[in-house]
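Structure first, commentary second.
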Amino acid sequence: MDVDQDLPPPELAMEMDDELGAAILAAAANAGSASQSDISAPSLRALLSKLRSRTAEYLSFVEGIEVLVQNYLVPNATEAAGMAAAAATTDAAAAGTSAGPSAPPHTGHEDEVMKMRIPVPKLNIAADVKLSDLGRVTAPRTRSFVRDVRKYFTLVRGGHQDSMRCLFLANALEGAAKTWHDQWTNARDTYTSEELLEALLARFAPQIQSRATEARHKLSAGKYRMRPGESVSSYQSRFEALVTPIAGLSDSERVFWFQQGLSADLSGECATDLTGSTFESYKDLVRFALGAETRFTARRIAEKQARPKLNALSIQDMGADEDPLDETPAPPPKRPRTASARTDTNGQEGQPREGKGAGKSKRGGQKGKNLAPKEGQVQKG
């Protein structure tokens, strides 16, 4: 940056036209008495125009000074402060470690702002959603969307303007939710974003009874039990989300319902603690269930690892039973089957008897079939 090019000449800040100053003083002295003023109206207008021009030049000079301070003085001051801090750290390290280890120096800036991308909430409901699925499928998603949208409005710029909120909601809904939004908004001239959100909840998250009553019904019906292959931590999250709307739920009730929902492998393990006493604290029960799951998993892994070793040992034992000094002779090998001659009723020796399948040709001929050529046929090679 060239300071001489960015800043106006310094004499503009100090120079003041004598005629302009005299005219201003005369106008101020004769204010209120038009007969005593020696300045005509055209001259006064010209002087005012000149004053505006000089004032604009002076403001331009001040802006140039501000640019100079921001681009040169502030970075130099920051660099000098950093060098001073580094020098102080070096001096402290050279002085020795008699006072103990010191805290590491702060490497960031006080005005540092963490930059992160905020995900945009979206609600997509299938167009063929059934009425029976509103409470089971769409209700949790709709409530989560409304919660996320309200938090999103507090973080983004312009989120306090209701018109911006309504426009955002119009683009955040998809599928059946977008179709409903268009029908609902076209039937009204004016509406607020809160009215739109409340109507969205009433349509896709109908609350026929209170959430506390719904939670108690699920507990009684056992619809919250552990799923096959589910971990204790996942089950704990679902259980706590279910019982949170129930106001005044005691710790003993939490213990009872949590034990009822455990899997068959863990329900017996978590019936009592290691001393045989029943659980009085819900946190102690959760901690014990997590430990029981860890022990059960470790035991199962150890059993799987021990199976190949047992099989290998059994094979080695079978081989060890054979006595290497046993000189019992081995049985003689079986003699191969040979063709035997047969004698017909006339005492003549016939064809040798062959094994199974003898007399059959590859062409599927019968046993003993005459393969001589017929008359008029020439036997090949």
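For the sequence shown, position 353 (counting from the first letter as 1) is numbered 353 according to UniProt numbering, and the numbering increases by one without interruption.
A virtual CB, placed ideally from N, CA and C, is assigned to each residue, including glycine.
This one's a predicted model, so the numbers in the text were calculated from it and none came from an experiment.
**Study point:** Rounded straight-line distance, which links the Cα of I118 to that of T190
**Key:** Against the sequence shown, residue 190 aligns to sequence position 190. Against the sequence shown, residue 118 aligns to sequence position 118. Cα to Cα, the separation comes out at about 29 Å.
* Asked: Counting along the chain, where does the alpha helix (DSSP H) carrying E194 start and finish?
  -> By 1-based counting over the sequence shown, the position of residue 194 is 194. Unbroken alpha helix (DSSP H) run through E194: 193–204.
| message | Could you check whether the segment 222–237 touches the segment 283–299, counting it as contact only if at least three pairs of C-beta atoms, one from each stretch, sit closer than 8 Å? | response | yes
Close Cβ partners of A205 (< 6 Å) along its chain, the five nearest in sequence each way excluded:
The residue labelled residue 205 in the question sits at position 205 within the sequence shown. These residues qualify, in order along the chain: A139, T142, R143.
* Between which two residues does the alpha helix (DSSP H) containing E214 stretch? -> The sequence position of residue 214 within the sequence shown is 214, counting from 1. That run of the alpha helix (DSSP H) goes 211–221.
query = Grouping DSSP H, G and I as helix and E and B as strand, with all else coil, what is E174?
reply = For the purposes of this step, residue 174 is taken as residue 174 along the sequence shown, with counting starting at 1. Three-state DSSP puts E174 in a strand.
Spatial neighbours of S98 within its chain, please: C-beta separation below 7 Å, excluding the five flanking residues on both sides.
Mapped onto the sequence shown, residue 98 falls at position 98. With a pLDDT of 47 at S98, under the threshold of 50, the modelled position of this residue cannot be trusted; read the value that follows with caution. Excluding residues within five positions, none has a Cβ falling inside 7 Å.
Exercise for review: Write down the C-beta distance between A215 and L196 rounded to the nearest angstrom, noting that I regard them as a contact closer than 8 Å.
Suggested key: Mapped onto the sequence shown, residue 215 falls at position 215. Mapped onto the sequence shown, residue 196 falls at position 196. Actually they are not in contact, since the Cβ atoms of A215 and L196 sit about 28 Å apart, beyond 8 Å.
inquiry  = Once DSSP output is grouped into helix, strand and coil, what is the label at L249?
reply    = Start at 1 with the first residue of the sequence shown, and residue 249 comes out as number 249. L249: coil per DSSP, three-state reduction.
*asked:* Quick check on A177: buried or exposed, where buried means 16 or more other Cβ atoms within 10 Å of its Cβ?
replied: Taking the sequence shown and counting its residues from 1, one reaches residue 177 at position 177. With 16 or more other Cβ atoms within 10 Å, it is buried.
Q) When the Cα atoms are used, what is the spatial distance from T275 to V255? A) The sequence position of residue 275 within the sequence shown is 275, counting from 1. The sequence position of residue 255 within the sequence shown is 255, counting from 1. Cα to Cα, the separation comes out at about 17 Å.
Q.
G261 and M226 - do their beta-carbons sit closer together than 8 Å?
A. Translated into the one-based positions of the sequence shown, residue 226 becomes position 226. Translated into the one-based positions of the sequence shown, residue 261 becomes position 261. In this structure, G261 lies closer than 8 Å to M226 by Cβ.
I'd like to check one pair, S281 with D251: are the Cβ atoms closer than 8 Å? Taking the first residue of the sequence shown as position 1, residue 251 is located at position 251. Taking the first residue of the sequence shown as position 1, residue 281 is located at position 281. Their beta carbons are under 8 Å apart, which means D251 touches S281 by this criterion.
How many Å lie between F296 and E253 at the Cα?
Residue numbering aside, residue 296 sits at position 296 when the sequence shown is read from its first letter. Residue numbering aside, residue 253 sits at position 253 when the sequence shown is read from its first letter. Approximately 26 Å, taken between the alpha carbons.
**Study point:** P301, DSSP secondary structure in three states
**Key:** The residue labelled residue 301 in the question sits at position 301 within the sequence shown. Here residue 301 turns out to be Ile, not Pro, going by the sequence shown. DSSP places I301 in helix when its eight states are reduced to three.
- Host alpha helix (DSSP H) of L155 (start-end): For the purposes of this step, residue 155 is identified with residue 155 of the sequence shown, where counting begins at 1. Segment 139–155, the alpha helix (DSSP H) holding L155.
Inter-residue spacing [alpha-carbon to alpha-carbon] between A127 and Q259: Position 127 of the sequence shown holds residue 127. Position 259 of the sequence shown holds residue 259. Cα-Cα distance, rounded: 40 Å.
Taking C-beta to C-beta, are T192 and D162 nearer than 8 Å?
Here residue 192 refers to the residue found at position 192 of the sequence shown. Here residue 162 refers to the residue found at position 162 of the sequence shown. Going by C-beta atoms, T192 is nearer than 8 Å to D162.
Q: Consult DSSP for L47 and reduce its assignment to one of helix, strand or coil.
A: On the sequence shown, residue 47 is found 47 positions in, with the first residue counted as 1. Helix, per DSSP.
Between which two residues does the beta strand (DSSP E) containing L242 stretch? By 1-based counting over the sequence shown, the position of residue 242 is 242. L242 -> not in any beta strand (DSSP E); alpha helix (DSSP H) instead, spanning 232–243.
Cross-strand partners of I125 (DSSP beta bridge) | In the sequence shown, counting from the first residue as 1, residue 125 sits at position 125. Beta-bridge pairing links I125 to G175.
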